[in-house]
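Count along the sequence shown starting at 1, add 44, and that's the number in this note's numbering. By construction, the Cβ of each residue, glycine as well, lies at the ideal position given by its N, Cα and C atoms. Please read these numbers as outputs of a predicted model, since none were measured by experiment. Okay, so here's the structure we're looking at.
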Amino acid sequence: QVQLVESGGGLVQPGGSLRLSCAASGSIFMNAIGWYRQAPGKERELVAEITGGGTTNYGDSVKGRFTISRDNAKNTVYLQMNSLKFEDTAVYYCNLFVIMTHRNYWGQGTQVTVSS
């Protein structure tokens, strides 16, 4: 069992920045890890993901504004969010896909609110 703990959420003004972190209790090496978000009344959607080999994939709405990165030594993934918009307001969840077991793990979520 792997626990994922997100941090870094909060309240920010439009145009501002936040950096989310997700620390895993186990190794993330060679596994895909990423971020999803869910706004009230909407389905959970992909924000960004990064494979074990370092390939990244972003949701269309965040391309050019958000950057995902990983530190395998720290078992941590980061999401740098710049130029935040009102519509980025959501609960952000960390997701780890373990290749060996084909199991998905989710964090508890961290709230990001963009408001003036």
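Item	Value
Bridge-paired residues (DSSP) for Arg114	Val121
Straight-line Cα distance separating Lys129 from Met145	Reading off the sequence shown, one finds Thr at residue 145, where the question assumed Met. C-alpha separation (whole angstroms): 37 Å.
Own chain, CB closer than 6 Å to Gly78, minus 5 neighbours either side, in chain order	Ala92, Glu93, Asn139
Ile72 burial status per 10 Å Cβ neighbour count (16 or more: buried)	buried
Whole-Å CB distance - Glu89 paired with Tyr102, under 8 Å assumed	Not really, about 11 Å apart at Cβ, beyond 8 Å.
Span of the beta strand (DSSP E), counted from its first residue to its last, around Ile143	First-last for Ile143: undefined, no H or E at that position.
Terminal residues of the beta strand (DSSP E) in which Arg94 lies	This sequence places Ile at residue 94; Arg is not what is there. Segment 89-94, the beta strand (DSSP E) holding Ile94.
Alpha-carbon spacing of Asn126 relative to Lys107, whole angstroms	11 Å
contact_flag[the region 115-123, the region 148-158] where n(CB pairs < 8 Å) is 3 or more	no
Pick from Gln45, Glu50, Ile112 that is closest to Gly96, judged by C-alpha positions	Ile112
Candidates Cys66, Gly59, Gln57, of which the one nearest Ser51 by Cα	Cys66
Val106, DSSP secondary structure in three states	helix
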